[in-house]
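Per the UniProt record's numbering, residue 1 is the first one in the sequence shown, and the count goes up by one each step. Note sheet for the following structure.
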Amino acid sequence: MPRWVLHMDMDAFFASVEQLTRPTVGGRPVLVGGLGPRGTVAGASYEAREYGARSAMPMAEARRRCPVAVVLPPRFRVYQAVSKRVLGIVREVSDVVEQVSVDEAFLEPTELAGATTAQVEDFATRLRARVHREVGVTASIGAGAGKQLAKIASGLAKPDGMLVVPPEQQLELLSGLPVRKMWGIGPVTESKLHRIGVQTIGELAALRPNDVTSLLGQAHGTELHRLAHGIDEHPVAERAEAKQVSAETTFDVDITDPVKLQAEVTGMAESAHRRLVSSGRAARTVTIKVRDSDFTTISRAETFSSATSDLGALAAAARRLLPVAVPPGTPVRLVGVSYSGLAASEQEPLFDNPADQQESPAPAALPAPGPSPEPLTRHWRAGDDVQHSEFGHGWVQGAGHGRVTVRFETAASGRGVARTFAIDAPELTSADPIDSLGW
């Protein structure tokens, strides 16, 4: 019987949740992240992506590319609440589920074992419709004979689409895709394959197994060759919550240049940060791993007083640890960065450092987050959730010159009206971001 694995991936998840809970920005370019000079984009709507903005990009660069974007601070508790509701629906319709991150999951429903392509398409269509109807966000779904093919198919289906790959068509689909689309192929492996003229998955599949294993190693080469032929037996199974997130790379040639090494460490810090943000968590400890030309592995760590997901702070810690791990000029063959001491990331300083805001103020329409509130002084930043005694739940669109403008709306209310108040209006108080869902 044909095996059917589905991969569901929420579309531009962080930004789409902001568009859901703030209907006024629906259909508009939205960037989620920090506004300081070290701020990073955690999520970009598809409207913003049309300008070239994307996740993990420095916010300053994203705003240059998309000056019309609405920039909002991340609200991870809201994203986690939406994710929990979506995954609840998924678990109702499938007895086998593997949540990969806050916005994606694999499922292998027992009822689809041996099903026809049409039956899988019907299942996926109904699941996507139910998620949109009951939660209000869109999801793309890919389906195929294994996890890798399902994930590739969901990526090809984006945004807000579905692609079910029949068994007899999977090799045709895979063959024309670049090898980087495969699991387990990063920059180093891709470079090795490119050097021998292998650009596509089909070209990798055409190699003799011995040639692949001699180039990439026995275990890795065998696995990749099987995946290139569409043979994927990876099970769909619940994962234990990760204790850390990490990224590492091995260089083709040992690196001794300190500047180049710092750049590589920064790149690994950014890669690990993407996984950290995807999991909806923050980290207290940064660890750097270095392996020198003698294959000696050295690790050094730095721990913060509180968990953070600020890329600038995390990457800076990794760079500080590099000269502690190895003396300048040491030939290095591998570097890695990991984050541990993970916690739910709903803290004000995650993306925005008050000192940063003084260095790089935001435009008046979307002011940068201000410093932490003083006991007798109220400060509002764009994106803050507020409650008014008469008008209900809203969010701050802008503040300055002793005034604050609030748009009163939630996911349940539809587009609301904007009203302006004195900055210290007593009827305006901070609100729970979860209330913006209108649940």
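Glycine included, every Cβ here is placed at the ideal spot set by N, Cα and C. This structure is a prediction, so every number in the text was calculated from the model and none was measured.
Between A145, V68, G221, D257, which has its C-alpha nearest V25's C-alpha? V68
L216 versus K192, R128, V17, residue with shortest Cα-Cα distance: K192
Give the secondary structure of V100 by DSSP, where H, G and I count as helix, E and B as strand, and everything else as coil. strand
Within the region 158 to 208, ranges of the alpha helix (DSSP H) (whole runs, at least 4 residues): 170 to 175, 187 to 195, 201 to 206
Which two residues bound the contiguous alpha helix (DSSP H) that contains E61? 59 to 65
Beta-carbon proximity check, A42 vs P74, cutoff 8 Å: yes
For a test of the three-state rule: what should DSSP assign to G144, helix, strand or coil? strand
What residues are listed by DSSP as bridge partners for A12? A12 is not bridged to any residue.
Using the Cβ count rule (16 or more neighbours within 10 Å means buried), how would you classify E104? buried
Near V100, which residues of its chain fall below 8 Å by C-beta distance, leaving aside the five closest residues on each side in sequence? F106, R239
Name the two residues that bound the continuous beta strand (DSSP E) containing I89. That residue, I89, is in no beta strand (DSSP E); its alpha helix (DSSP H) goes 76 to 93.
Roughly how many angstroms lie between the CA atoms of R180 and I152, to the nearest whole one? 11 Å
Looking only at its chain, what residues have a beta carbon closer than 6 Å to the beta carbon of K289, apart from the 5 residues adjacent to it on each side? S299, G336
From the DSSP secondary-structure annotation, give me the bridge partner or partners of residue 446. There is no way to answer for residue 446, as the model of the chain reaches only from 1 to 439.
Taking its Cβ as the centre, do 16 or more other Cβ atoms sit within 10 Å of I231, making it buried, or is it exposed? exposed
Taking the Cβ atom as the reference point for each residue, do P2 and P167 lie within a distance shorter than 8 Å? yes
Any beta strand (DSSP E) of 3 or more consecutive residues that is wholly inside the region 215 to 294: 244 to 255, 281 to 292
I need the DSSP call for E18, collapsed to helix, strand or coil. helix
When we look at the beta-carbon of W4 and count the other beta-carbons within 10 Å, is it buried (16 or more) or exposed? buried
Who are I298's beta bridge partners in DSSP? V290
Contacts around R28, its chain only, beta-carbon distance under 7 Å, and the 5 residues preceding and following it disregarded: E47, V70
Given M268, which residues of its chain have a CB within under 7 Å of its CB, disregarding the five upstream and five downstream residues? A247, E248, T249, V335, G336, V337
For V265 and A317, which I take to be in contact (beta-carbon distance under 8 Å), what is that distance rounded to the nearest angstrom? Their Cβ separation, rounded to whole angstroms, is 10 Å, which puts V265 and A317 out of contact at 8 Å.
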